[in-house]
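J.: Sharing a structure with you now.
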Amino acid sequence: MSKTTQPARVLVTGGAGYIGSHVVLALGEAGYDVLTYDNLSTGSRKAVLAGDLVLGDLADRELLIRTLEEFNPDAVMHFAASIEVGESVSNPLKYYRNNSVNALNLLEALRTAGTGQLIFSSTAAVYGNPEQLPVFENAPLQPINPYGASKMMTERFLADLTQADAAFRYVSLRYFNVAGADPASRLGQDYANPTHLITRALKTALGIFPKLQVFGTDYPTLDGTCVRDYIHVADLAQAHLDALRYLAAGRPSAIFNCGYGHGFSVKDVIAMAKAVTGLDFTVEETGRREGDPAELIAGCEKIRRELGWQPCYDDLEMILRTAWDWEKKLAAAKP
Ligand code: UFG
Numbered sequence: 496m497s498k499t500t501q502p503a504r505v506l507v508t509g510g511a512g513y514i515g516s517h518v519v520l521a522l523g524e525a526g527y528d529v530l531t532y533d534n535l536s537t538g539s540r541k542a543v544l545a546g547d548l549v550l551g552d553l554a555d556r557e558l559l560i561r562t563l564e565e566f567n568p569d570a571v572m573h574f575a576a577s578i579e580v581g582e583s584v585s586n587p588l589k590y591y592r593n594n595s596v597n598a599l600n601l602l603e604a605l606r607t608a609g610t611g612q613l614i615f616s617s618t619a620a621v622y623g624n625p626e627q628l629p630v631f632e633n634a635p636l637q638p639i640n641p642y643g644a645s646k647m648m649t650e651r652f653l654a655d656l657t658q659a660d661a662a663f664r665y666v667s668l669r670y671f672n673v674a675g676a677d678p679a680s681r682l683g684q685d686y687a688n689p690t691h692l693i694t695r696a697l698k699t700a701l702g703i704f705p706k707l708q709v710f711g712t713d714y715p716t717l718d719g720t721c722v723r724d725y726i727h728v729a730d731l732a733q734a735h736l737d738a739l740r741y742l743a744a745g746r747p748s749a750i751f752n753c754g755y756g757h758g759f760s761v762k763d764v765i766a767m768a769k770a771v772t773g774l775d776f777t778v779e780e781t782g783r784r785e786g787d788p789a790e791l792i793a794g795c796e797k798i799r800r801e802l803g804w805q806p807c808y809d810d811l812e813m814i815l816r817t818a819w820d821w822e823k824k825l826a827a828a829k830p
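Position one of the sequence shown corresponds to residue 496 (the numbering used here), numbered consecutively onward.
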């Protein structure tokens with residue numbers, strides 16, 4: 496692998512988490528030298544399937560700088576963050592601390608160590624309730640929850656830094672609803688208290704939860720439930736590798752939506768979960784969850800055009816099937 500055309504060494508913050516671990520594995524398989532930096536607050540050591548793990552917190556500037564100086568990465572991928580919309584409404588300061596302040600620490604450490612390329616895990620939550628769907632990257636940023644606001648702030652840090660310092664370039668990837676698991680079931684989502692719809696539905700099918708609640712049936716959508724653009728985690732991992740190549744080719748800083756360009760309602764997802772598992776489970780319709788936009792669908796032409804991203808799993812059934820294989824494996828491993 497030539498260093499001039501492709502970064503060989505990648506530091507991954509949050510590489511022991513759900514999305515980070517899939518990307519670490521994809522990097523390892525593609526021949527990159529990868530190092531994970533993670534405090535294991537939600538991630539797991541056994542999810543790091545390529546390279547070593549540094550047990551560290553983003554608040555620990557000295558360790559961050561030492562790790563960067565010793566590993567000397569060509570690029571950093573920054574996943575480590577708090578990610579739950581509902582929790583961000585009840586505990587906003589946690590989100591500003593973990594997602595904004597800690598990102599600032601990381602950027603300062605990158606400058607000290609002289610690391611010039613960053614790929615940032617941003618989110619569709621920066622758009623809030625978009626005025627137009629699909630929502631494109633140049634739409635106004637109007638987050639309606641602290642989670643989206645905390646990520647928007649980091650995007651602003653990045654935009655200002657790249658203006659001030661031509662040696663620093665970044666790609667910000669705005670994820671829509673990431674779901675599914677490694678198709679070979681080596682990895683998947685494994686949180687102590689999962690809140691995401693697909694994981695909740697499958698764990699309810701397994702009997703781990705007594706029922707699945709539908710948060711709101713009075714949204715201005717076809718069936719009254721929220722619509723989301725679900726993207727398979729393996730396709731998202733590929734987008735990160737494409738972004739690395741983009742930066743390595745000397746291209747300018749850029750922002751890309753990561754989604755498929757079409758959405759499914761909460762009720763669509765539940766119907767597919769029942770079809771894929773072959774199991775019926777109790778569903779309870781209840782009130783809205785605070786902070787939820789009605790509908791989020793990605794305008795996704797830019798990432799295909801500029802990064803050459805070619806998704807392989809644009810199929811809700813495939814997303815549910817890989818997640819289901821993983822959930823069954825988890826359940827079999829836990830007493
Ligand atoms: N939902 C339920 N019942 C549940 C869980 C979720 O009805 O038990 C509903 C939610 O109210 C929402 C939809 O299912 O309408 C999807 O909710 P998730 O919690 O699975 O995901 P979010 O849309 O809240 O958030 C996710 C990521 C964010 C990201 C966002 C972008 O967690 O990081 O997608 O679309 F910003």
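Glycine included, every Cβ here is placed at the ideal spot set by N, Cα and C.
#1: Are there three or more Cβ pairs, one per stretch, closer than 8 Å when the stretch 663-676 is compared with the stretch 720-728?
#2: What residue from Arg-664, Gly-510 and Leu-550 has the CA that sits closest to Gly-609's CA?
#3: Alpha carbon to alpha carbon, what distance is there between His-757 and Ser-595?
#4: Under DSSP, the alpha helix (DSSP H) around Glu-565 begins and ends at which residues?
#5: Rounded to the nearest angstrom, what separates Ala-770 and Arg-556 at their Cα positions?
#6: Give the secondary structure of Gln-612 by DSSP, where H, G and I count as helix, E and B as strand, and everything else as coil.
#7: How many angstroms separate the CA atom of Ala-827 from the CA atom of Gly-702?
#8: Since I believe Asn-567 is in contact with Glu-550 (beta carbons under 8 Å), could you give me their beta-carbon distance rounded to a whole number of angstroms?
#9: Following the continuous alpha helix (DSSP H) through His-691, name the residue where it begins and the one where it ends.
#10: Whose CB is closer than 6 Å to a heavy atom of the ligand UFG? List the residues in chain order.
#11: Taking just the CA atoms, how far does Gly-581 sit from Ile-693?
#12: Does the pairing of the stretch 751-766 with the stretch 776-796 give three or more beta-carbon distances under 8 Å?
#13: Please say whether Asp-528 and Arg-561 have beta carbons closer to each other than 7 Å?
#14: Is the stretch 644-662 touching the stretch 805-816, taking contact as three or more C-beta pairs under 8 Å?
#15: On a Cα-Cα basis, can you pick out the residue from Phe-615, Lys-541, Tyr-670 and Ala-738 that is closest to Gly-683?
#16: Straight-line CA distance for Asn-633 to Ala-525?
#17: Hey, out of Ala-554, Ala-661, Ala-732 and Pro-629, whose CA is closest to Tyr-808's CA?
#18: Quick check on Lys-646 - is its C-beta less than 7 Å from some C-beta in chain B?
T.: With the structure as the only source:
#1: yes
#2: Arg-664
#3: 30 Å
#4: 556-566
#5: 48 Å
#6: strand
#7: 13 Å
#8: It should be pointed out that residue 550 corresponds to Leu in this sequence rather than to Glu. Their Cβ separation, rounded to whole angstroms, is 20 Å, which puts Leu-550 and Asn-567 out of contact at 8 Å.
#9: Careful: His-691 lies outside any alpha helix (DSSP H) and carries neither H nor E.
#10: Ile-578, Val-580, Thr-618, Ala-619, Ala-620, Phe-671, Asn-672, Thr-690, His-691, Leu-692, Arg-695, Leu-707, Gln-708, Val-709, Phe-710, Cys-721, Arg-723, Val-761, Arg-784, Asp-787 and Leu-791
#11: 16 Å
#12: yes
#13: no
#14: no
#15: Lys-541
#16: 32 Å
#17: Ala-732
#18: No chain B is part of this structure, which consists of one protein chain only.
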